[in-house]
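>
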Amino acid sequence: MREIPLKEAKATLSRVLDEAIAGRPSIITRRGRREGVILSYSEFERLSRTHSFGWLSANAPLDADEARPD
88 MREIPLKEAK ATLSRVLDEA IAGRPSIITR RGRREGVILS YSEFERLSRT HSFGWLSANA
148 PLDADEARPD
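Here the sequence shown is numbered in the working numbering, starting from 88 and rising by one per residue.
1) Going by the CB atoms, is the gap between ILE125 and LEU104 shorter than 9 Å?
2) Looking only at C-alpha atoms, which of SER129, ILE115, ILE108 sits nearest to ALA98?
3) My assumption, with CB atoms under 8 Å, is that ARG89 sits in contact with SER113. Please give the rounded CB distance.
4) Should ALA145 go down as buried or exposed, given a rule of 16 or more other Cβ atoms within 10 Å for buried?
5) Please look up how many angstroms separate the CB atoms of ILE108 and SER127, rounded, as I've assumed it's under 8 Å.
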């Protein structure tokens, strides 16, 4: 994933967005600090649907005995 200064991202937003749609997201930096990410909407939706391991563990329909390894 490439890093782009905010000033450059503003000046080339259309190209940055086209690259994100093509599967190449970009990290936006401000004063050298990573502040944001430009990614495609489809990738955003995919990531939004993915649950964390903690969420899966807490919401798994298992009894305590089933969760223990044999």
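Quick reminder that beta carbons are idealized off the backbone N, C-alpha and C, glycines included.
On a predicted model such as this, the values are computed, not experimentally measured, just so you know.
Once the coordinates are examined:
1) yes
2) ILE115
3) 5 Å
4) By the neighbour-count definition (other C-beta atoms within 10 Å, threshold 16), ALA145 is an exposed residue.
5) 5 Å
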